[in-house]
Every structure is written in structure tokens, then in C-alpha cells.
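Student: Just dropping this structure here.
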Amino acid sequence: MSTPEKPDTPRRRRNMGAGIAIGIGLGCAFGVALHNLALGIALGAGIGIAIGAGSTRSCRRRGDDETH
């Protein structure tokens with residue numbers, strides 16, 4: 006009995022912009038809690054860049070990313 010072949014489906018790629026958006030959202034929450042929205046957005050952008058860069062790097066290491 007032969008096993009059916011799996012169709013070639015592209016893997017889901019993570020987007021660095023999504024990481025930045027999540028980070029800015031978290032930063033806004035921190036900013037509201039600290040009563041300093043500008044500081045929260047700046048912290049969130051930094052966190053988001055770190056999240057996005059980390060996920061992009063892990064995708065490239067696994068070979069999921071076609072654009073190097």
C-alpha cells in the first residue's frame with residue numbers, strides 16, 4: 006500500500022511588522038499604567054522590534070523564509 010503524498014503547502018511566515026505592532030500595543034498598556042504614553046510607546050517599539058527580529062531569525066534558521 007502506498008502512502009498518499011502531501012501537497013506542497015507553503016509554511017506560514019512570521020512578519021516583523023506584526024511583532025512591532027504587538028510590542029507597541031503592549032507599550033501603550035504600559036504607558037497607560039505608568040501615566041506616560043510616550044515612554045510606553047517607545048518601550049513597546051523596542052520590545053516589538055526584538056520580538057519581530059527574533060521570530061524572523063528563527064524562521065530563517067529553519068528555512069521557512071524565502072527572502073534572505
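Its first residue numbered 6, the sequence shown is counted upward by one per residue in this note's numbering. Just so you know, even glycine gets a beta-carbon here, dropped at the ideal spot from N, CA and C.
Distance check for leucine 48 and alanine 34, CA to CA, integer angstroms please.
Tutor: On the sequence shown, position 29 is the one that residue 34 refers to. On the sequence shown, position 43 is the one that residue 48 refers to. Approximately 11 Å, taken between the alpha carbons.
Student: Taking 8 Å as the threshold (C-beta atoms), are glycine 22 and glycine 1 in contact?
Tutor: With the chain covering 6 to 73 only, the question about residue 1 has no answer from this structure.
Student: So with Cβ pairs under 8 Å, would you call methionine 21 a contact of chain B?
Tutor: Looking for chain B here will not work: only one protein chain is present.
Student: Per DSSP, what kind of secondary structure is glycine 51 in: helix, strand or coil?
Tutor: Taking the first residue of the sequence shown as 1, we reach residue 51 at position 46. Looking at glycine 51 - three-state DSSP - the assignment turns out to be helix.
Student: Do alanine 50 and isoleucine 29 come within 8 Å of each other at the CB atom, strictly closer than that value?
Tutor: The residue given as residue 29 occupies position 24 in the sequence shown. The residue given as residue 50 occupies position 45 in the sequence shown. Result yes, Cβ atoms of isoleucine 29 and alanine 50 sit closer than 8 Å.
Student: Output the distance between the C-alpha atoms of serine 60 and isoleucine 54, rounded to the nearest integer angstrom.
Tutor: The sequence position of residue 60 within the sequence shown is 55, counting from 1. The sequence position of residue 54 within the sequence shown is 49, counting from 1. Each residue's Cα considered, the two are about 10 Å apart.
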